[in-house]
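In order, the protein sequences belong to chains A and B.
The working numbering applies: residue 621 is where the first sequence begins, and numbers increase by one.
The working numbering applies: residue 5 is where the second sequence begins, and numbers increase by one.
Ideal placement from N, C-alpha and C gives every residue a C-beta, glycine not left out.
Predicted, not measured: the structure shown is a model, and the values here were computed from it.
See below for the structure under consideration.
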Amino acid sequence: MKFTPKWTGAALALLAGSVMFAAGPVKLLNVSYDPTRELYQDINAAFAKQWKSKTGVDVEISQSHGGSGKQARSVIDGLPADVVTLGLAYDIDSIAEHAHLLPANWQTRLPKNSTPYTSTIVFLVRHGNPKHIKDWDDLVRPGVSVIAPNPKSSGGARWAYLAAWGYSLRKNNGDDGKARDFVTRLYRNVPVLDSGARGSTTTFAQRGIGDVLLDWENEAFLALNELGKDRVEVVTPSISILAEPPVAVVDRVAAKHGTTQVAQAYLEFLYTPEGQEIGARHFYRPRSTEVAARYAGRFAQVQLFTVDAVFGGWQKAQKRHFDDGGVFDQIYAPK
Amino acid sequence: MPFKKPSILPGFWPALSYTILYLSLIVLIPLSAVFLKSLTTSWSHLWKVVSSPEVVASYRLSFGASLVAGMISVVIGFLVAWVLVRYQFPGKALADALVDLPFALPTAVAGIALTSLYTENGWLGRYLAPLGIKVAFTPLGVIVALTFIGLPFVVRSVQPVLADADAELEEAASSLGANRWQVFRLVIFPLVRPALLTGFALAFARALGEYGSVIFIAGNMPMKTEITPLLIVTKLEQYDYAGATAIAAVMLTASFLMLLGINALERRTRKFMVTG
């Protein structure tokens, strides 16, 4: 069969018909990173209810979770994600760059850098804080064992690494050499590099290794709830990084599925008071000032800096620090 | 040598065609995809990736630990097979079934269990630590995990051969004046040598590709305890598909050559046994 205009037209008509008369609910696939499992279960239920009352259409949202980089790779390799909600902008950049499924300027399309909620990096320590870990400087003391995943494979670990670097820059008036030295000393105290955030949490919590775990704030609180206040404590440092896990509609996939509109509405829902409230309940820092005020007691006061301000954006940070032969590799290079 | 030796069994051509078809579909095509994918970038980039110090250190660990683990598996596997074949004892059926457990267990579970045992505050690790022996998060831990998954291969290769070997051979040997060591060296060992080699090859090959169990116990420190499969995954995480497949191709080629060598050695010992 040749693709004559007649045939193509017929095929298109058939396709359009099948979309229009498709029975059953609209289906969305949200490809996300590891710690958001519980968050999106609640978001999905709330959004489905709202969408039904607004348009009369049922929407069924599936979730996929895993390490942020791994998830991005799945989307590049063809996992049909209508929306992606990942751990850092660099991973969505990669989808745009390698698979061209969405435009390079995707991050400007939704408010606040396309990040409806934020988080930061905090410390999880053993009950009673036996090593007196209060701030970043305590992590490089000899005899303190720090658990953190490998920044080359974990999104959360990249935030943690940059948080440490940024802290040192702030403290030493922007002295780059001192920051490098500080981060090197910090990783000298890391006895095991897991490949993802969940792996590190297991190492620290289940296997009892290490004095302090560098972790997403929301993961740390989740661990606190699960393990109990009699086993671990959350310590918030004086300065940390504003972790912005962004969201985006995957244009080409959504267009193919005919879900562009509902996918867009789904992400916008995250910015509504209801969406923000659900985020805050799951220990994500809300963008909305009203919701933030209501949950003020939940999040410790901490000075936050952004990747853009201190490192000139993710592309630059990635290239300098985490690419092969970058600063992180040099920390471990043989002398 | 003619292409086909005459055989009284019919069906040579259909059997050969199916063999080639399935080998191609299941083994050759996926593996050639690895090589093709790695060719999507320049040679200099490929060379830089596969010869970088971190990657070279990982070859050393992966091949070294797999070899050591394979050898340990051969010694212990032979002992286990011997006990299971030659002695009757209560609970033998249970012990026999236990041997296969490492096959069935998801390797991540094995890795987590071994790590919990061997960390400094683990059940075993706490007694080893005062002696200055660290297992978890060292190359030693990698060997422990690889031995765990390799053992059944040796036991299961050697067991049937030992079961087939008549005890009368040994009795005859000792009645002719051989001492126990001579009986083992001159009668039993030559019998099981090909099976031991097969078991070793299987255990070694399995160990080279093992990922799940090692990741947990290795600690994954660059230059020290990163295995090659982990570096492949790390490269993938960085969207360096060509780099990842290049390392995979190096591993594949090296493993293939080593397996080819082991198989040739095995054939030779088998031939030697029949004719000599």
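Counting only beta-carbon separations shorter than 8 Å, does residue i have a partner in chain B?
i: A:K751; result: no
i: A:P865; result: no
i: A:V812; result: yes
i: A:S694; result: no
i: A:S638; result: Bear in mind that a pLDDT of 48 at A:S638, under 50, signals an unreliable position, so the model cannot answer this.
i: A:H718; result: yes
i: A:G673; result: The residue you asked about is not Gly; residue 673 of chain A is Ser in the sequence shown. Judged by the 8 Å Cβ criterion, A:S673 is not in contact with chain B.
i: A:R827; result: yes
i: A:S815; result: yes
i: A:P954; result: yes
i: A:F623; result: Summary for A:F623: the model assigns pLDDT 48, below 50, so the residue's position carries little reliability; its value from the coordinates is reported in the next sentence. Taking Cβ atoms only, chain B never reaches closer than 8 Å to A:F623, which makes this a no.
i: A:K939; result: no
i: A:K849; result: no
i: A:S609; result: What the structure shows of chain A is the stretch from 621 to 955, and residue 609 of chain A is not part of that stretch, so it cannot be assessed.
i: A:K936; result: no
i: A:D831; result: no
i: A:G689; result: yes
i: A:D835; result: no
On the DSSP letters alone, give me the boundaries of the beta strand (DSSP E) that residue i sits inside.
i: A:E680; result: V679 to S684
i: A:S774; result: Looking at the DSSP string, A:S774 is not in any beta strand (DSSP E), and its letter there is neither H nor E.
i: B:E172; result: No beta strand (DSSP E) contains B:E172, which is instead part of the alpha helix (DSSP H) from A171 to S179.
i: A:I859; result: I859 to I861
i: A:Q923; result: Q923 to F925
i: B:V103; result: Careful: B:V103 lies outside any beta strand (DSSP E), inside the alpha helix (DSSP H) at K96 to V103.
i: A:V855; result: V852 to V855
Could you tell me the boundaries of the alpha helix (DSSP H) in which residue i lies?
i: A:I829; result: Element bounds for A:I829: n/a, residue is neither H nor E.
i: A:N664; result: R657 to T675
i: A:E894; result: P893 to R901
i: A:Q938; result: Premise fails: A:Q938 is in no alpha helix (DSSP H) and is neither H nor E.
i: A:V810; result: Note, A:V810: premise wrong, no alpha helix (DSSP H); not H, not E.
i: A:T880; result: T880 to F889
i: B:Y122; result: T111 to Y122
Tell me, please, whether the CB atom of residue i is closer than 8 Å to any CB atom in chain A?
i: B:Y122; result: no
i: B:F141; result: yes
i: B:P57; result: yes
i: B:T119; result: yes
i: B:N224; result: yes
i: B:M227; result: yes
i: B:Q186; result: no
i: B:T238; result: yes
i: B:N125; result: yes
i: B:Y131; result: no
i: B:G280; result: Legend: pLDDT at B:G280 = 42, less than 50; position of this residue unreliable, no value from coordinates given.
i: B:Y296; result: With chain B represented from 5 up to 280, any question about residue 296 of chain B goes unanswered, as that position is not in the structure.
i: B:E241; result: yes
Using three-state DSSP, classify residue i as helix, strand or coil.
i: B:L90; result: A small fix is needed here, since residue 90 of chain B is Arg in this sequence, not Leu. Here B:R90 sits in helix by DSSP.
i: B:I231; result: coil
i: A:P906; result: strand
i: A:L834; result: strand
i: B:S46; result: coil
i: A:S788; result: helix
i: B:L13; result: coil
i: A:N650; result: strand
i: A:A956; result: The requested residue 956 of chain A is not part of the displayed model; chain A covers only 621 to 955.
i: A:F743; result: strand
i: B:I137; result: coil
i: A:A868; result: strand
i: A:A768; result: coil
i: A:T705; result: strand
i: B:Y245; result: helix
i: B:Y215; result: coil
i: A:Q950; result: helix
i: A:T735; result: coil
i: B:I30; result: helix
Beta carbons nearer than 7 Å to chain B: which residues of the segment 769–797 of chain A have them?
N770, K772 and S773
With a cut-off of 8 Å, do at least 3 Cβ pairs link the segment 854–865 of chain A to the segment 918–928 of chain A?
Touching, per the Cβ criterion.
Against chain A: residues of the segment 205–219 of chain B by CB proximity under 9 Å:
Along the segment 205–219 of chain B, going in chain order, the ones with a CB nearer than 9 Å to a CB of chain A are I219.
Listed from N- to C-terminal order along the chain, which residues in the segment 724–736 of chain A have their beta-carbon within a distance smaller than 8 Å of any beta-carbon of chain B?
Taking 8 Å as the Cβ-Cβ cut-off against chain B, none of the residues of the segment 724–736 of chain A qualify.
The segment 112–130 of chain B / the segment 822–833 of chain A touching (three or more Cβ pairs under 8 Å):
yes
With 8 Å as the C-beta to C-beta threshold (strictly closer), list the residues of the segment 642–656 of chain A near chain B in chain order.
Residues of the segment 642–656 of chain A with a C-beta atom less than 8 Å from some C-beta of chain B do not occur.
Looking at C-beta atoms only, is the number of pairs between the segment 838–846 of chain A and the segment 795–812 of chain A that lie closer than 8 Å three or more?
no
Taking contact to mean 3 or more Cβ pairs, one atom from each stretch, closer than 8 Å, check whether the segment 644–659 of chain A and the segment 195–214 of chain B are in contact.
no
Do the segment 743–756 of chain A and the segment 879–891 of chain A meet, that is, are 3 or more Cβ pairs less than 8 Å apart?
Output reads no: the segment 879–891 of chain A does not touch the segment 743–756 of chain A.
For the structure I just gave you, are there three or more beta carbon pairs, one from the segment 760–770 of chain A and one from the segment 928–936 of chain A, closer than 8 Å?
In short, these stretches do not touch, since the Cβ pair count stays below three.
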